[in-house]
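Chains as they are written, first to last, in this note's numbering: chain A, 698 to 849; chain B, 461 to 1190.
Cβ atoms here follow ideal geometry from the backbone N, Cα and C, with glycine treated the same way.
Below you'll find the structure, written out as C-alpha cells, and then a few comments.
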Amino acid sequence: MALYTINVNGTSHQVDVDPDTPLLWILRDNLRLLGTKYGCGIAHCGVCTIHLDGEATRSCAYPISAIENKKIVTIEGLSEKGDHPVQKAWIEHDVPQCGYCQAGQIMTAASLLAQNSNPSDDEIRRAMNGNLCRCATYTRINRAIKTASKEM
Amino acid sequence: MLQFSWFSSLAMENPKLEGAFDLNGYIKIATDGTVTIASPNPEVGQNVKTSMPMIVAEELDVNWENVVVVQAPLNTSIFTRQIAGGSRSINESWDALRMAGATARHMLVQAAAKAWNVPTSEIDVKAGVITHSISGKSAKFGEMASAASKIKVPEEVEVKNIKDFKIIRHSHKNVDGPAITTGKAVFGLDVYSENMVFASIVHPPAFGMKLESFDASEALSMKGIDDVFTIQTYPEDFERNYFDINAFPELIVITGDSTWRILKAKKTIKAEWIPFDSHSVKVQGMGGGGVSNEKVPSGIENTEDHYSAMIKKSKENAKEVRKDGDPEKAFSEAAKVIERSFTAPYLAHSPLEPLNFYANVTAVKAELIGPIQTPEFMEKSVAKRLGMSLEQVDIQMTRIGGGFGRKLFGHYLVEAAIISQKIKKPVKLMYTREDDMTFGAYRPTYQASYRAALDENNNLIAFHVKTGGIPESPLFANRFPAGAVDNYLAESWTIESNITTAAFRAPRSNFMGAVEQAFLDEVAELAGKDPIDFRLELFDRAIKNPVGKKNDYEAERYAGVLKLVREKSNWGTNKSGISRGVAAYFCHDSYVADVIDLRMLDGKPIIEKVYCAVDCGIVVNPIAASNMVEGGSVDGIGHALYSILTIKDGVPQQRNYNDYHLIRNNDAPREVEVHFVESDVHPTGLGEPPFAPAIAALANALYKETGKRYYNQPYMVDIEAMYLQEKESV
C-alpha cells in the first residue's frame, strides 16, 4: 500500500492503494467515477479511455505509480454540462446503442479534435481504431466527429 | 378494440415519485403534469427504452417532451414479456403498450366527465389537455390524475387510427443519450453499495474438465483477500430452465475488498482439473413443458476434429425434414447441377460489458441488480436455487452493455446470489474478459451442403439443403426457396459436444441466411441471370403458385425489399473501381435486402457503401430503427470477415480482444444507407434481421471483386492467403 495524490477533473484526491493498481480501478472502486468502463484489461478495447494531460489513454493498463503529476480528465469532467462539441454531436446523431463503449469513444474523439480540429475521414478512422463498438455504431461515430469538428 | 391482458391497477415500484398517481402500472401522472412511463423490457441497445414508451405516450396523447421514462421493475402480472431476445419486444408488446396508453387516456376522460358532469363522448383529448368545448371547460392531465387513478382500468378500449399517429413514426432520440454521453448511465458493472464485497471466479480451463482440488494459500495470504471457496451453481439434480446453460457448474470463488486485488489473487490459485464422465442434466421445456435429460458427453475436443466430423456427417444419411416433389429424379434429369458446401466457426458473443451481477441476499430477501436479458426466467432459477419464494426475489434491470444473446443465459446472476447468501454480505461478481470469452455458450459451429438443378431453359427445378452443426442444426426447412421450387429436399443432422452453445444474434439465421443467399448467387450465375431477377422469378412463382402449404415467408414482402434495394442502389449501373453484391433474407418476422459496394486495397476489402431495404411493418422510431439496421449490418459483416473462436485440447484459443478479432472502426463500411418499406402492418423487430443478408451481400460482392467464391467464415483467412500468394508470384 502507498499513498498517492492524483488530480482528477480538477480536484485533488488522496488514495491509499497497491502501487500496481491500474488507474481504471482507482477511478471506479475508490472514487466511484463510473463512466470509465472495464472491457478487456489489456488496452485493446478502449472503453476505459481517459485523458492524461490531454492525451487519450487506456486507464485499465496504466498503473497509479506512473501517473505522477499528470492531470486526469474522465468523461465526468469533459464538460460541466455535457455540452462539449463531441457530446452534443453524439446526441445530434443519436449514436449510442447499448452505450457501454461510448464514454471511451467520446474521450478519444475529444482528444483527437483537440490536437487536430479538422481531421480527414481517414484520420478519424485511424484515431478511433482502438475503440471497439460491439454494437458497431462506427458510421454514426465518424459522422458525429465530423459534426463536432465544425464547432472546434 | 383491443383487450387488456390485466385488469387490476398495480403499483409501480420504481421510482417512488411523490405526488404522482399510478394509472395502470405503466403510467404515473404527477399533479404538475409530468408523465412517467415505465419501459417494461431490458434495454440492451435495441432502444426499447425509448420506443416502447413512445407507443404508450402516443395512445395516452401527451407531448413526448413531457414524458419521463424509467425502467420498469420485473412484474409479469402487469407486463407482457420482459425479455430482450428474438427481436420480439415491439412485435409482442405492441397491443399491450397501446392499451396501456389508451386505457389511461380513457380513465382521465372519465374523471373529467364526472367532475364536469358531462358525457365522455363530448370530451376531446389533445397533447395532455382534456377539453369539453361545449361548456368551455378544460383541464390538464395533472389536474385529473388523482381522480383518474381511482377509476377501474377498463378491459376494452378504442385505440387510435394509425393514420393519426403523432409520436410513433417520428424520430425521437434515445432517452438515455444525455446520461450515456456524460458517463452517468448505470450498467450492471456500475452498481456499488457501501459494504459490498468484490468477487471473481476461476473456471476449468478446458471443456470436458471439472475441479478436483485447489490450493489457495498464496491468495489467502494476500492483502485485501477475504476468502476462497467453491460454489455449485447448478447441483446435479437441479432442474434447469432453458436459460440455465452452463458448462462449468462448479467454480472457485475469490472474494476481497477491491477489484484489482481479487484479480491479482485469482492468478495465484493452483487448481487440479480432471476430465468428467458422460452425464446428463435435467432441463425443463421452454413453455413449462416436461423435464428432459440432456446428455453432456465426456471428452476433450478440438476444432480440427470438429471440421472433419462435420464433413463426414454431411456425406452420411440425415434426417429428412421436408420434401416436395421428386428431388432425386429432378437432379438426375437436370441440364445443370451445382453443389457447394459452407462452414462457419464458433463465435464468442463478447459484449463489451462482461458478465457481472450485484446480489444482496439476506434470510428474507434476495436483491439482484444487473444486466440480464431474461429477468423473468432467472427470477425462477434464483428462487429455486436459494430456496426462496418468487416474491422474495427482486431483480432490477440496469442498462445492459451489450448482449447479442449471451446475457439471456443468467448463470452469473445465480452465482452472485449464491456467493452473497454464503458470505452474508452484498457482493458484486465480475467476470474478466478472459473469463467471459472462455466460459462457453458460443454461437454453434455449422456446416451446410447445397445442391441446385436447372433445366435446359435455366429454370430452377430442384433444390437440396443438407445442414447441421455442433451441437444443433441451423435448418429452417420452410424458408425460401421452399415454396418456390417443385422439387425440394431439406435434411438435418447434429453432432454432440460438451462445448456449450447459445443463441447468438439471429440464431441459426446468422448462418443459414448468409450461406443460402451466397449459394443462390452462384445458381443465378450458372443460370446466366441477374441475381435480383433470378430471385424475383422465384418469388413470382411462390406468389402465384406456391409449392406446399407451409412456407414461412410472405413472398410479396420478400420481393418488395429486393425491388426497393434495386431502386435505391441503382442496381445495374456500373461504378468505376467498385464491385457489387446483393442478398435478401427473412427472419424474426422482418425482411431485409442489401446491396454492398466494395473494392480491395492492399489485400483488405474496403466497403464503400451498404444499401439496406427493410420491411418491418410500421417503423416506430425511424432514427433508432435505422441505427439498428446500420449496426446489425456492420456486425454481420465484421463477424463473417474476421471473427473465429477455436478449441484445442478443450481449451478456447482466443481469450481477449488481442486475439479475438472483432470489426474495428477502420475496417467498417464507410456508409450504411437504410430505406424502409412504407407499411401499415403490425411492427416487427430489427435487432436480428439485418445480420445475415449483409454477410451474403458481402460474399457476393467479394466474388465480383476477387473472382473467388467464399465458403468458409471468417473470409479473411482465404482473402489473406490469396493476397500473400499474389504478392509472392509478383
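If you draw a straight line from the alpha carbon of residue i to that of residue j, how long is it in whole angstroms?
| i | j | result |
| --- | --- | --- |
| B/V874 | B/V688 | 18 Å |
| B/S1029 | B/E1068 | 12 Å |
| B/E951 | B/V781 | 5 Å |
| B/Q744 | B/L998 | 41 Å |
| B/S758 | B/M897 | 22 Å |
| A/K768 | A/S709 | 10 Å |
| B/A517 | B/D624 | 13 Å |
| B/G870 | B/I832 | 7 Å |
| B/V529 | B/E894 | 35 Å |
| A/R840 | B/L1158 | 23 Å |
| B/F703 | B/N918 | 47 Å |
| B/M512 | B/S593 | 32 Å |
| B/S1174 | B/A1181 | Note on residue identity: the sequence assigns Pro, not Ser, to residue 1174 of chain B. Roughly 12 Å between the two C-alpha positions. |
| B/T496 | B/E519 | 14 Å |
| B/E699 | B/Y1117 | 35 Å |
| B/L462 | B/V617 | Confidence at B/L462 is low in this model, with a pLDDT of 46, below 50, so the placement of that residue should be treated as unreliable; the coordinate-derived value is given next. Each residue's Cα considered, the two are about 6 Å apart. |
| B/R903 | B/A963 | 7 Å |
| B/V578 | B/T591 | 11 Å |
| B/K840 | B/I627 | 36 Å |
| B/K755 | B/S738 | 7 Å |
| B/G1037 | B/E732 | 58 Å |
| B/K724 | B/G588 | 57 Å |
| B/W466 | B/Y872 | Residue placement at B/W466 cannot be trusted, given a pLDDT of 35 that sits under 50; what the coordinates show is reported in the next sentence. For B/W466 and B/Y872, the distance between alpha carbons rounds to 32 Å. |
If I follow the unbroken beta strand (DSSP E) through residue i, where does it start and stop?
| i | result |
| --- | --- |
| B/A843 | Segment 835 to 846 is the alpha helix (DSSP H) holding B/A843; no beta strand (DSSP E) there. |
| B/S752 | 751 to 756 |
| B/E799 | 796 to 804 |
| B/P1065 | 1064 to 1075 |
| B/E1133 | 1132 to 1136 |
| B/N817 | Checking the sequence, you will find Phe at residue 817 of chain B rather than Asn. Per DSSP, B/F817 belongs to the beta strand (DSSP E) from 816 to 821. |
| B/A937 | Neither: B/A937 is in no beta strand (DSSP E) and is coded neither H nor E. |
| A/H748 | 746 to 749 |
| B/M890 | 887 to 890 |
From what residue to what residue does the alpha helix (DSSP H) around residue i run?
| i | result |
| --- | --- |
| B/A490 | Careful: B/A490 lies outside any alpha helix (DSSP H), inside the beta strand (DSSP E) at 487 to 490. |
| B/F698 | Where B/F698 is concerned, there is no enclosing alpha helix (DSSP H), given that its DSSP letter is neither H nor E. |
| B/K600 | Note, B/K600: premise wrong, no alpha helix (DSSP H); beta strand (DSSP E) at 597 to 600. |
| B/M559 | 549 to 576 |
| B/K772 | 763 to 774 |
| B/H871 | 871 to 883 |
| A/N839 | 835 to 846 |
| B/I992 | 991 to 1004 |
| B/V826 | This sequence places Ala at residue 826 of chain B; Val is not what is there. Where B/A826 is concerned, there is no enclosing alpha helix (DSSP H), although the beta strand (DSSP E) it sits in stretches over 826 to 830. |
Kindly identify the DSSP beta-bridge partner or partners of residue i.
| i | result |
| --- | --- |
| B/D675 | B/K730 |
| B/C1047 | B/S1050 |
| B/F708 | B/F708 pairs with nothing; no bridge assigned. |
| B/H440 | Outside the shown range of chain B (461 to 1190) lies residue 440 of chain B, about which nothing can therefore be said. |
| A/A800 | Beta-bridge pairing links A/A800 to no other residue. |
| B/A913 | B/V797, B/A922 |
| B/F689 | B/V713 |
To be precise: take each residue of the segment 1119 to 1145 of chain B, compare its Cβ to all Cβ atoms of chain A, and keep it if any distance is under 9 Å. Which residues remain?
L1122, I1123, R1124, N1125, N1126, D1127, A1128, P1129, R1130, E1131, V1132
Could you say if the segment 804 to 816 of chain B and the segment 1103 to 1117 of chain B meet the contact criterion of at least three C-beta pairs nearer than 8 Å?
yes
Under 8 Å: do the segment 613 to 627 of chain B and the segment 562 to 579 of chain B share three or more Cβ pairs, one atom per stretch?
yes
Can at least three beta-carbon pairs, one atom from the segment 1142 to 1150 of chain B and one from the segment 1069 to 1089 of chain B, be found at a separation below 8 Å?
yes
Interfacial residues, the segment 793 to 818 of chain A to chain B, with Cβ spacing under 8 Å
P793, Q794, C795, G796, Y797, C798, Q799, A800, I803, D818
For the segment 648 to 669 of chain B, which residues have a beta carbon sitting closer than 7 Å to at least one beta carbon of chain A?
L649, D650, Y652
Taking a cut of 8 Å between CB atoms, which residues from the segment 742 to 773 of chain A lie near chain B?
C742, V744, T771, I772, E773
Can you find at least 3 beta carbon pairs, one from the segment 745 to 761 of chain A and one from the segment 831 to 846 of chain A, that sit closer than 8 Å?
no
Could you tell me whether the segment 815 to 835 of chain B touches the segment 646 to 664 of chain B, using the rule of 3 or more Cβ pairs below 8 Å?
yes
Along the segment 1089 to 1107 of chain B, where does the CB come closer than 7 Å to a CB of chain A? Name the residues.
E1090, G1091, V1094, D1095, G1098
Relative to chain A, which residues along the segment 628 to 639 of chain B have a C-beta separation below 7 Å, given in chain order?
K633, N634, D636, G637, P638
So, do the segment 793 to 800 of chain B and the segment 910 to 926 of chain B have three or more beta carbon pairs nearer to each other than 8 Å?
yes
Note down, in chain order, all residues in the segment 816 to 836 of chain A with a beta-carbon under 9 Å from any beta-carbon belonging to chain B.
D818, D819, I821, R822, R823, A824, M825, N826, G827, N828, L829, C830, R831, C832, A833, T834, Y835, T836
The segment 722 to 738 of chain A: positions lying closer than 9 Å to chain B by Cβ
W722, I723, R725, D726, N727, R729, L730, L731, G732, T733, K734, Y735, G736, C737, G738
Cβ pair count under 8 Å reaching 3, the segment 1009 to 1024 of chain B against the segment 927 to 941 of chain B
yes
Assess, as a yes-or-no matter, whether the segment 785 to 792 of chain A is touched by the segment 485 to 502 of chain B under the definition of 3 or more beta carbon pairs within less than 8 Å.
no
Can you give me, in chain order, the residues of the segment 703 to 720 of chain B that have a beta carbon less than 7 Å from any beta carbon in chain A?
S718, T719, W720
Contact list for the segment 880 to 898 of chain B against chain A, Cβ threshold 9 Å:
M890, T892, R893, E894
Would you be able to state if there are at least three C-beta pairs under 8 Å between the segment 596 to 607 of chain B and the segment 628 to 647 of chain B?
no
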